[in-house]
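To convert, take the position in the sequence shown, counting from 1, and add 9; that gives our numbering.
For glycine and all other residues, C-beta sits at the position ideal for the given N, C-alpha and C.
Fair warning: this is a prediction, and the values are worked out from it, not measured in the lab.
One structure is given here, and the rest of the page talks about it.
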Amino acid sequence: MSEAVHTETHGFQTEVKQLLNLMAHSLYSNKEVFLRELVSNAADAADKLRFKALSDSALYEADGNLRVRLVLDKDNKTLTISDNGIGMSRDEVIEHLGTIAKSGTKAFFGQLSGDQAKDSQLIGQFGVGFYSAFIVADKVTVLSRAAGQATDRGVRWESDGDGSFTVADIDKPGRGTDVILHLREAELEFLDDWRLRSIIGKYSDHISIAVEMWKDGEPEQTDEDGTVTSPATEGEWEQVNKATALWTRSKGEVSDEEYQEFYKHISHDYQDALAWSHNKVEGNQEYTSLLYVPAKAPFDMYNRDQSHGLKLYVQRVFIMDDAEQFMPTYLRFVKGVLDSNDLPLNVSREILQDNKITAQLRKACSKRVLSMLEQMAKNDADKYQGFWKEFGNVLKEGPAEDYANREQIAGLLRFASTHNDSDAQTVSLEDYIGRMKEGQDKIYYITADSYAAASHSPHLEIFKKKGIEVLLMWERVDEWLMNHLSDFKDKQFVSVTKGELDLGELDDEETKKAQEEAKEALAPLLERVQTALGDEVKEVRLTHRLTSTPSCVVAGEYDMSTQMIKLMRAAGQPVPEQKYILELNPEHTLVKKLETLEEGDQFNEWSQLLLEQAQLAEQGGLKDPAAFVARVNRLLLG
10 MSEAVHTETH GFQTEVKQLL NLMAHSLYSN KEVFLRELVS NAADAADKLR FKALSDSALY
70 EADGNLRVRL VLDKDNKTLT ISDNGIGMSR DEVIEHLGTI AKSGTKAFFG QLSGDQAKDS
130 QLIGQFGVGF YSAFIVADKV TVLSRAAGQA TDRGVRWESD GDGSFTVADI DKPGRGTDVI
190 LHLREAELEF LDDWRLRSII GKYSDHISIA VEMWKDGEPE QTDEDGTVTS PATEGEWEQV
250 NKATALWTRS KGEVSDEEYQ EFYKHISHDY QDALAWSHNK VEGNQEYTSL LYVPAKAPFD
310 MYNRDQSHGL KLYVQRVFIM DDAEQFMPTY LRFVKGVLDS NDLPLNVSRE ILQDNKITAQ
370 LRKACSKRVL SMLEQMAKND ADKYQGFWKE FGNVLKEGPA EDYANREQIA GLLRFASTHN
430 DSDAQTVSLE DYIGRMKEGQ DKIYYITADS YAAASHSPHL EIFKKKGIEV LLMWERVDEW
490 LMNHLSDFKD KQFVSVTKGE LDLGELDDEE TKKAQEEAKE ALAPLLERVQ TALGDEVKEV
550 RLTHRLTSTP SCVVAGEYDM STQMIKLMRA AGQPVPEQKY ILELNPEHTL VKKLETLEEG
610 DQFNEWSQLL LEQAQLAEQG GLKDPAAFVA RVNRLLLG
């Protein structure tokens, strides 16, 4: 046995202590998840070695047959998951096995529901899969040596799951990593050969790296430093998974269950995917794509800078995770694999950035996802509504980012509207156009701070009276969306809070004539109100968009909307002072009262009140609310 030297004891990061306690005492409803995670990690290590060896074949150390092996030792009650992949240095062992990214850990604990079955499945999703070993083990030993390093540069990591772990230097003849689980008495079922084979068949059939177990006899046994303690008896290593890259098989050969297990493997999600698309393309370009739409949004969905993308393979050789060049940011929820025959094996992220093949593959993958969503929306509206609830706000980023597919993305958008007395976002633009009034050639919409603010806005009064549908928007992204979506199916989008209202053919000639007569008759009043308010407003004019409200303010046709101003201020962006247009309802009693007043303090007070209540309704607040309250009190007292 080789002697361990340079032994150190380290304390776990606080979050790891919490996690280990959870593993040891809570997550017992689906214990076999630990093997899925450890085998998956081992297969990833083999994939990484294969990629690095493209530029340095010496890393194979004359052993290019990559594999994962499971070794049972019933006498010592240990289960070892061993790989001959990339391995780890001493520093990497300390970094990877002693800490977890705090953002992911915080979110992990925030997602725990108390339902053990669901909670146990969260393990892989948040990058904490290694620690699932403590679900079944009361001590874990890890032996590792980085490929290409000398045999005396091995490292042993060990912990019993309390507050610390030890790290020691050892001799390790073979590269890669051995994870030795010292099983609890209650978990000895995982030393049963057939039990392990069934778990591998369930979770790891699709892994392209061979997973092997010893058939008959006893495999070679080693101590915790990697020294052989007993030679192998008669028998042989037997591959127990198919080890065929799932995406290389024809669609007819792959069951739905296999597709779903592969999705969970690449995404670390604990739920089934909502939909998937598997395609092999031959011709000018040769590639295979397997793209999945998840059922639930991950915790970091709204962080546009978070890594995302597809697993990239070139001629079935793993190249990189999170290849974002093949999936636009607004489709960052998509998981999957892209295997190209046209890219070079030594491709890097920098090369991908400016590669023509990359641009063509990105276009094709984007189209594939959008078509998948169109089919879902067409064939299963309920399922699509589930998708929209999770990812709708992300998809709304699409028209700004992907102009070429703007119309197709717009067709997938869903909104609330005045057609439904609900905040449910179920109305498509096709639905809206199908319900347009005769003579209507515009799509009307409103943006506000909330559903209540949008649905009760005074700007909607004339539309409700005439039965003209208006789309209701209140998400932060909606203002961004409408700045980049000017029309759909040749129908122009018009905000009901900007510019002068012109309903075109929706107003009859008699109505238009009455409006012109009112404008002419009340011209003196408008001039007087303009004088009273001075430079507080850009203009004072009559409106016919109101039926029960005396006044409203609107932005000029080419001015920023109220919502855009709020968004910019919230982001700390400088916003120039913007004056609004005050519109008065000539049919309202207060406006008629105003017309009877002579110039003076009372006229000015009423003019100011009509402006401030309109600002309050539109903006949700006032610069000087105390002055507004005092003015209301004075006018009430007469």
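Checklist entry - Does the distance from the CB of Ala409 to the CB of His493 come in under 7 Å? => result yes
Item to check | Three CB pairs or more closer than 8 Å across the region 322-342 and the region 400-408 | outcome: yes
Next on the checklist: Restricting to Cα atoms, I'd like to know which of Ser560, Gly94 and Asp391 is closest to Ala156.
Outcome noted: Gly94
Checklist entry - Along the chain, which unbroken stretches of the beta strand (DSSP E) at least 3 residues long are found entirely within the region 524-598? => result 546-551, 560-563 and 589-593
Item to check | Contact under 7 Å by Cβ, Asp171 with Lys148 | outcome: no
Checklist entry - Under the three-state reduction of DSSP, which class applies to Asp161: helix, strand or coil? => result helix
Checklist entry - Just how far apart, CA to CA, sit Gly630 and Leu481? => result 20 Å
Item to check | N- and C-terminal bounds of the alpha helix (DSSP H) containing Gly420 | outcome: Arg415 to Leu421
Item to check | Residues near Tyr37 in its chain [Cβ-Cβ closer than 6 Å; skip 5 each side] | outcome: Only weak support exists for where Tyr37 lies, its pLDDT of 48 falling under 50; the coordinates are left without a value.
Checklist entry - Given Val323, which residues of its chain have a CB within under 8 Å of its CB, disregarding the five upstream and five downstream residues? => result Asp348, Ser349, Asn350, Leu352, Pro353, Leu354 and Val356
Next on the checklist: Out of Arg184, Tyr272, Phe139 and Ser141, which one is the CA nearest neighbour of Met97?
Outcome noted: Arg184
Next on the checklist: For Gln130, count the other beta carbons within 10 Å of its own beta carbon; 16 or more makes it buried, fewer makes it exposed. Which is it?
Outcome noted: Unreliable placement is indicated for Gln130, whose pLDDT of 48 sits below 50; no coordinate value is reported for it.
Item to check | For Lys320, the three-state DSSP class (helix, strand or coil) | outcome: strand
Next on the checklist: On the DSSP letters alone, give me the boundaries of the alpha helix (DSSP H) that Leu361 sits inside.
Outcome noted: Arg358 to Gln362
Next on the checklist: For Thr87 and Leu192, I'd like the C-alpha separation in whole angstroms.
Outcome noted: 6 Å
Item to check | Nearest-angstrom Cα separation, counted from Asp330 out to Gln315 | outcome: 13 Å
Checklist entry - Pick from Leu58, Arg415, Val302 and Glu596: whose alpha carbon is nearest that of Met491? => result Arg415
Item to check | Opening and closing residue of the alpha helix (DSSP H) in which Ile189 lies | outcome: It is not in any alpha helix (DSSP H) - Ile189 instead sits in the beta strand (DSSP E) that spans Gly185 to Leu192.
Checklist entry - Nearest to Pro228 by alpha carbon, out of Phe424, Val80, Trp489 and Leu619? => result Val80
Checklist entry - Excluding the five sequence neighbours on either side, which residues of its own chain have a C-beta within less than 7 Å of the C-beta of Asp633, listed in chain order? => result none
Checklist entry - In its own chain, which residues sit with a C-beta less than 8 Å from the C-beta of His15, not counting the 5 before and 5 after it? => result Ala177 and Asp178
Next on the checklist: Checking the sheet assignment: what are the DSSP bridge partners for Phe424?
Outcome noted: Val436
Item to check | Arg168 - DSSP class collapsed to helix/strand/coil | outcome: Note that residue 168 corresponds to Ser in the displayed sequence, not to Arg. Reduced to three states, the DSSP call for Ser168 is strand.
Checklist entry - Does any C-beta atom of chain D lie closer than 7 Å to the C-beta of Lys86? => result In summary, chain D is missing from the structure at hand, where a single protein chain is found.
Next on the checklist: On a Cα-Cα basis, can you pick out the residue from Ser264, Met310, Glu221 and Lys475 that is closest to Gly244?
Outcome noted: Glu221
Next on the checklist: If I follow the unbroken alpha helix (DSSP H) through Leu620, where does it start and stop?
Outcome noted: Asp610 to Gln628
Checklist entry - In whole angstroms, what separates the C-alpha of Tyr393 from that of Ala386? => result 5 Å
Item to check | Alpha-carbon to alpha-carbon, Glu509 and Arg554 | outcome: 9 Å
Item to check | Asn388 Cβ short of 6 Å to the ligand GDP heavy atom set | outcome: With respect to the ligand GDP, the structure shown offers nothing to examine, as it has no ligands at all.
Next on the checklist: Looking at the secondary structure, which residues open and close the beta strand (DSSP E) in which Phe335 lies?
Outcome noted: Looking at the DSSP string, Phe335 is not in any beta strand (DSSP E), and its letter there is neither H nor E.
Item to check | Residue environment, Asn594, which counts as buried when at least 16 other CB atoms sit within 10 Å | outcome: buried
Item to check | Start-end ranges of the alpha helix (DSSP H) lying completely within the region 234-317, minimum 4 residues | outcome: 265-276
Item to check | Status (buried if at least 16 other CB within 10 Å, exposed otherwise) for Ala126 | outcome: Residue placement at Ala126 cannot be trusted, given a pLDDT of 46 that sits under 50; the coordinates are not used to answer.
Item to check | Residue from Met577, Lys40 and Glu604 whose Cα sits closest to the Cα of Arg204 | outcome: Lys40
Checklist entry - So what's Phe648 in DSSP terms, helix, strand or just coil? => result No answer is possible for residue 648: the residues shown for the chain start at 10 and end at 647.
Checklist entry - If you compare alpha carbons, which of Lys211, Glu525, Glu518 and Ala373 is closest to Lys289? => result Ala373
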